[in-house]
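K.L.:
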Amino acid sequence: MDEPSPAGAVPDGDALHMARAIRLAALGRGTTSPNPVVGCVVVDAAGAHAGEGFHAYAGGPHAEVVALSEAGERARGGTAYVTLEPCDHTGRTGPCSQALLEAGVARVVVAVLDPNPEAAGGMSRLRAHGVRVDSGLMAEEAERGNAEWLTFVRLGRPHVTWKFAATLDGRSAAQDGTSQWITSPEARADVHRLRAESDAVVAGIGTVLADDPRLTARPDHRRSFHQSPHPATPRRAPLRVVVDSEARTPPGARVLSSEAPTLIAVADDAKTDLQAPLLRLPRAHPHGLDLRALLTELARRQIVSVFVEGGPALAGSFLREGLVDRVVAYLAPALLGSGAAALGPAGVRTISDTHRLVFEDVTPIGTDLRITARPASEEN
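For the sequence shown, full-length UniProt numbering assigns the number 1 to the initial residue and increments by one for each residue that follows.
(1) Is it right to say Val362 is buried, meaning 16 or more other beta carbons lie within 10 angstroms of its own, or is it exposed?
(2) Per DSSP, what kind of secondary structure is Arg218 in: helix, strand or coil?
(3) Considering only the alpha carbon of each residue, which of Gly136, Thr167 and Leu298 lies closest to Thr338?
(4) Using the Cα positions of Ala48 and Asp14, report the straight-line distance between them to the nearest angstrom.
(5) Have a look at Gly366, Pro364, Pro312 and Leu16 and flag the residue whose alpha-carbon is nearest the alpha-carbon of Gly177.
(6) What does the alpha-carbon distance come out to for the pair Glu309 and Ala332?
(7) DSSP three-state label for Ile371, please.
(8) Measure the C-alpha to C-alpha separation of Gly39 and Pro282 and round it to an integer number of angstroms.
(9) Expressed to the nearest angstrom, what Euclidean distance is found between the alpha-carbon atoms of Ala50 and Leu16?
(10) Measure the alpha-carbon distance for Pro185 versus Ser179 and round it to whole angstroms.
(11) On the DSSP letters alone, give me the boundaries of the alpha helix (DSSP H) that Trp149 sits inside.
(12) Can you list, in chain order, the residues of its chain with a C-beta nearer than 7 Å to that of Pro231? Leave out the 5 residues immediately preceding and following it.
(13) Going by the beta-carbon positions, is the gap between Gly316 and Pro277 smaller than 8 Å?
(14) Can you find the residues in the same chain that come closer than 6 Å, C-beta to C-beta, to Val41, ignoring five residues on each side of it along the sequence?
(15) Please report the residue range of the alpha helix (DSSP H) in which Glu52 lies.
(16) Are the CB atoms of Ser305 and Glu148 within a distance shorter than 8 Å?
(17) Classify Ala200 as helix, strand or coil using the three-state DSSP reduction.
(18) Cα-Cα, which of Ala376, Arg301 and Ile182 is closest to residue 382?
(19) Does the region 87-94 come close enough to the region 60-73 that 3 or more CB-CB pairs lie under 8 Å?
(20) Using only the alpha-carbon positions, how far apart do Val358 and Glu73 sit?
(21) Tell me whether the beta-carbon of Asp279 lies closer than 8 Å to the beta-carbon of Pro251.
(22) Measure the alpha-carbon distance for Arg326 versus Thr372 and round it to whole angstroms.
Rendered as structure tokens:
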């Protein structure tokens, strides 16, 4: 595996072009799974912008191919800026390393090395044919934009985002159990966007029994490939997963509708005649299901990203097991003083056990705040 290039002075324009490539990669969020999001910018031999592109959908042209196609002959002798090491294997598309060689680029700048042994090696091939290759430029930013896929490849499980909505005093419902609506319409629309970008939406049986949610993404958030030369292709609806150890999901629950596929995760010894796709898993003591086994099974189904939406007991279990990679909190400017907390027991007995986070983003959404954070230690 290639190592990052030695640190040194960054040529003028390199960071600017890579930042553009990272923004392009983000346009593929929610439509490339189980592939990564990748962006590419090509400049000509004089350093002028010649082409750009991003990977828009699994099975479609890779970012490098799109950018090189736009650049045409201007790519010869130029530089390609890519957010992920160009692939060196033939899958549904050919190797991007070969495409870069055939285009005659003289230099390739890579942000993140490819951890997938089946696809890695593009940098070595390019260097072997005399192309100058630099790596590590804006690696942290590129990794953050590709966190779901990198987690999937490196850890062999889906990337997990836990989302919750709460008042400023951390309540997700009033004392009588009502919770609609704590946050603004704008915040709720933003949640649908995040659902649509995920491969699976996970909820506990408590949430299903209390709220009877649909757990779907609104149709207007099933993105088409805007700003892309490829024809728009509908994004698949996220898989709905109910963690229901005792198989208590009602036959008429809205989560079982035909709007999207559903999987009910039950204990391997649970007795049920529920007419729905079941996933039988080992129990976790003292209660619940083995969440690591759940994620392993979802990974086998090519689920790269999981969006956990409730309730507090399920969220606490994911945190306790060290299985939360990102937290997205919607905080409303309201106070309840009593009622259900957003988070249940999470394995914290003393202050030293606290799950410490690092803020990534704080953004006003409607009348609320959306706070995005990740674990301070990402060795989970």
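No residue lacks a Cβ here, since even glycine has one placed at the ideal position from N, Cα and C.
P.N.:
On the basis of the coordinates in this document:
(1) The residue labelled residue 362 in the question sits at position 362 within the sequence shown. Exposed.
(2) The residue given as residue 218 occupies position 218 in the sequence shown. Of the three classes helix, strand and coil, the one that applies to Arg218 here is coil, per DSSP.
(3) Translated into positions along the sequence shown, residue 338 becomes position 338. In the sequence as displayed, the identity of residue 338 is Ser instead of Thr. Ranking the options by Cα distance to Ser338, first place goes to Thr167.
(4) Indexing the sequence shown from 1 puts residue 48 at position 48. Indexing the sequence shown from 1 puts residue 14 at position 14. Approximately 12 Å, taken between the alpha carbons.
(5) Along the sequence shown, read from residue 1 onward, the residue named residue 177 stands at position 177. When each option's Cα is compared against that of Gly177, the closest is Pro312.
(6) Here residue 309 refers to the residue found at position 309 of the sequence shown. Here residue 332 refers to the residue found at position 332 of the sequence shown. In a straight line, the C-alpha of Glu309 is about 17 Å away from that of Ala332.
(7) Position 371 of the sequence shown holds residue 371. Strand at Ile371.
(8) Working through the sequence shown from its first residue, we reach residue 39 at position 39. Working through the sequence shown from its first residue, we reach residue 282 at position 282. About 40 Å.
(9) The residue you call residue 50 lines up with position 50 of the sequence shown. The residue you call residue 16 lines up with position 16 of the sequence shown. Rounded to whole angstroms, Ala50 to Leu16 spans 14 Å at the Cα level.
(10) Residue mapping note: residue 185 aligns to position 185 of the sequence shown, counting from 1. Residue mapping note: residue 179 aligns to position 179 of the sequence shown, counting from 1. In a straight line, the C-alpha of Pro185 is about 14 Å away from that of Ser179.
(11) Within the sequence shown, numbered from 1, the residue matching residue 149 stands at position 149. Where Trp149 is concerned, the enclosing alpha helix (DSSP H) stretches over Ala147 to Leu155.
(12) In the sequence shown, the residue the question calls residue 231 occupies position 231. Bear in mind that the predicted position of Pro231 carries a pLDDT of just 44, short of 50, making it unreliable; the figure below should be weighed with that in mind. Nothing meets the Cβ criterion.
(13) The sequence position of residue 316 within the sequence shown is 316, counting from 1. The sequence position of residue 277 within the sequence shown is 277, counting from 1. Result no, Cβ atoms of Gly316 and Pro277 do not sit closer than 8 Å.
(14) What you label residue 41 is simply residue 41 of the sequence shown in a count that begins at 1. Closer than 6 Å at the Cβ level, and outside the excluded window around Val41, lie His17, Arg20, Ala21, Glu52 and Tyr81.
(15) Here residue 52 corresponds to residue number 52 of the sequence shown, with the count starting at 1. Counting along the chain, Glu52 falls outside any alpha helix (DSSP H), though it belongs to the beta strand (DSSP E) covering His49 to Phe54.
(16) As a first step, residue 148 is located in the sequence shown; it is residue number 148 there, counting from the start. As a first step, residue 305 is located in the sequence shown; it is residue number 305 there, counting from the start. Result yes, Cβ atoms of Glu148 and Ser305 sit closer than 8 Å.
(17) For the purposes of this step, residue 200 is taken as residue 200 along the sequence shown, with counting starting at 1. DSSP places Ala200 in strand when its eight states are reduced to three.
(18) Residue 382 is absent from the model: the chain starts at 1 and stops at 380.
(19) yes
(20) Within the sequence shown, numbered from 1, the residue matching residue 358 stands at position 358. Within the sequence shown, numbered from 1, the residue matching residue 73 stands at position 73. Going by the C-alpha atoms only, they are around 45 Å apart.
(21) To locate residue 279, count along the sequence shown from 1; it is residue 279. To locate residue 251, count along the sequence shown from 1; it is residue 251. The amino acid at residue 279 is misidentified as Asp; the sequence shows Leu. Not a contact, by the Cβ cut-off of 8 Å.
(22) Mapped onto the sequence shown, residue 326 falls at position 326. Mapped onto the sequence shown, residue 372 falls at position 372. If I take the Cα positions, the gap works out to 7 Å.
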